[in-house]
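In the numbering used here, the protein residues as written are 11 to 277.
Don't be surprised by glycine CBs; every beta carbon is placed ideally from N, CA and C.
Quantities reported herein were computed from a predicted structural model and do not represent experimental measurements.
Have a look at the structure below before the remarks.
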C-alpha cells in the first residue's frame with residue numbers, strides 16, 4: 011500500500027527526534043502542510059505527515075468505505091518503522107485515537123493528542139452531539155453518503171465552518187479547504203463507537219500532552235479533560251478554537267504550546 015507522506019526538513023540546528031503528524035477522519039496529510047509542518051521544521055524538527063490509506067494521495071480510495079481500524083493502525087506503524095529515528099507522534103481526532111492504540115504495545119519519546127477521540131471511543135461524544143446538534147448530525151451522515159459535488163446542497167459554508175473552525179474564520183477560508191475533505195470509512199466509525207477497540211490507558215508509559223478546543227463540537231472540552239485524567243495529566247483548552255486546530259485562525263497558539271512542552275521534555 012503506497013502511502014502519501016508530506017515532509018518538511020529543518021535548514022539547520024536539527025533536533026534529533028522527528029515528528030510524525032496523524033490526521034483525523036475526513037482529512038489527510040494536507041491539513042498539516044500549510045502551518046504545522048513548516049512551523050516545526052523552522053524550529054529544527056524533521057516534520058512528517060502521512061495520509062492514511064484511502065486519504066489524500068495515498069492508495070486505497072476505492073475501498074475507503076471498508077478500511078478498518080487495524081488497517082489505519084498498520085499504516086501508522088509502517089511509517090514509524092520507515093523513519094530513521096522513533097518519532098514524536100501528534101494525532102488529531104481519529105488520529106489521536108490511533109496513537110493511543112499504538113501506545114498500548116509501543117513506547118515512543120512523547121505524544122500529543124489534539125481534539126482526540128477519548129480512550130473510551132466515540133460513543134459518548136457521538137451521543138452528546140446527536141442530542142445537542144441533531145440536524146448537523148443528519149447532515150454529516152448525508153455528506154459521508156453523497157458524492158462531493160452534492161455537499162453544497164446539504165450544508166452551507168457557514169455550517170461547515172461551525173463544525174470545524176472558529177467562527178472568526180472566513181467563508182473564503184472554508185471554501186479553500188473544503189475540496190480537500192473527503193469521505194470516511196463507515197467501518198472505522200462503527201469500530202470507534204463500539205467496545206472492541208477501546209484504548210487501554212494502563213499500558214501507556216509515554217509522556218503525553220492533551221489539547222482541546224473550547225468550541226469543538228465533535229470532541230468538546232469535557233471529553234478532552236476525561237482523556238487527560240485517564241492518562242494522569244492535565245488538559246489544555248484553547249479558547250475560541252474549533253475542532254480543526256491546525257487550520258484555525260489561531261493555529262500558532264497550539265503550535266507554540268506544543269513546542270514549549272517539547273522543549274520542557276528536552277526534545
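Are the CB atoms of residue i and residue j nearer to each other than 8 Å?
i, j, result
"residue 89", "residue 31", "no"
"residue 74", "residue 39", "no"
"residue 224", "residue 190", "no"
"residue 137", "residue 34", "no"
"residue 167", "residue 254", "no"
"residue 63", "residue 53", "no"
"residue 124", "residue 221", "yes"
"residue 139", "residue 228", "yes"
"residue 127", "residue 202", "yes"
"residue 18", "residue 47", "yes"
"residue 169", "residue 36", "no"
"residue 117", "residue 27", "no"
"residue 188", "residue 85", "no"
"residue 164", "residue 171", "no"
Taking residue i as the reference, give the member of the options with the closest Cα.
i, options, result
"residue 192", "29, 68, 19 and 55", "68"
"residue 144", "95, 47, 173 and 102", "173"
"residue 269", "237, 29 and 14", "29"
"residue 80", "92, 107 and 94", "107"
"residue 41", "214, 25, 65 and 209", "65"
"residue 234", "131, 119 and 195", "131"
"residue 275", "134, 214, 142 and 121", "121"
"residue 45", "272, 277, 265 and 70", "265"
"residue 119", "135, 96 and 141", "96"
"residue 230", "157, 134, 70 and 204", "134"
"residue 94", "115, 58, 102 and 83", "58"
"residue 272", "165, 232, 50 and 156", "50"
"residue 72", "20, 11, 87 and 150", "11"
"residue 277", "56, 158 and 150", "56"
"residue 200", "151, 246 and 158", "151"
"residue 256", "142, 43 and 155", "43"
Taking 8 Å as the limit between beta carbons, can you name the residues of its chain near residue i, skipping five residues before and five after?
i, result
"residue 211", "110, 129, 240 and 241"
"residue 204", "131 and 133"
"residue 246", "219, 220, 221, 222 and 267"
Name the DSSP bridge partner or partners of residue i?
i, result
"residue 18", "57"
"residue 65", "Note: residue 65 sits in no beta bridge, so no partner."
"residue 255", "DSSP, once it has assigned bridges, lists no residue as partnering residue 255."
"residue 248", "223"
"residue 50", "The partner list for residue 50 (beta bridge, DSSP) is empty, contrary to what the question assumes."
"residue 218", "121"
"residue 131", "Beta-bridge pairing links residue 131 to no other residue."
"residue 32", "60 and 101"
Note down, in chain order, each residue of its chain lying with its Cβ closer than 7 Å to the Cβ of residue i, except the 5 sequence neighbours on either side.
i, result
"residue 251", "176, 223, 224, 225, 258 and 260"
"residue 24", "54"
"residue 244", "238"
"residue 214", "113 and 241"
"residue 9", "Shown here, the chain extends from 11 to 277; a query on residue 9 therefore has no answer."
"residue 83", "108, 111 and 112"
"residue 87", "112"
Taking 7 Å as the cut-off, is the beta-carbon of residue i closer than that to any non-hydrogen atom of the ligand MN?
i, result
"residue 255", "Inclusion of the ligand MN in the displayed structure is not the case, the ligand content being empty and no account of it being possible."
For residue i, I'd like the list of residues in its chain whose CB is within less than 6 Å of its CB, leaving aside the five on either flank, ordered along the chain.
i, result
"residue 197", "76 and 78"
"residue 153", "161 and 164"
"residue 20", "51 and 54"
- Task: Check whether the region 182 to 191 touches the region 133 to 152, counting contact only when three or more Cβ pairs, one atom from each stretch, lie closer than 8 Å.
- Result: Here the region 182 to 191 makes no contact with the region 133 to 152; the two share fewer than three CB pairs at distances below 8 Å.
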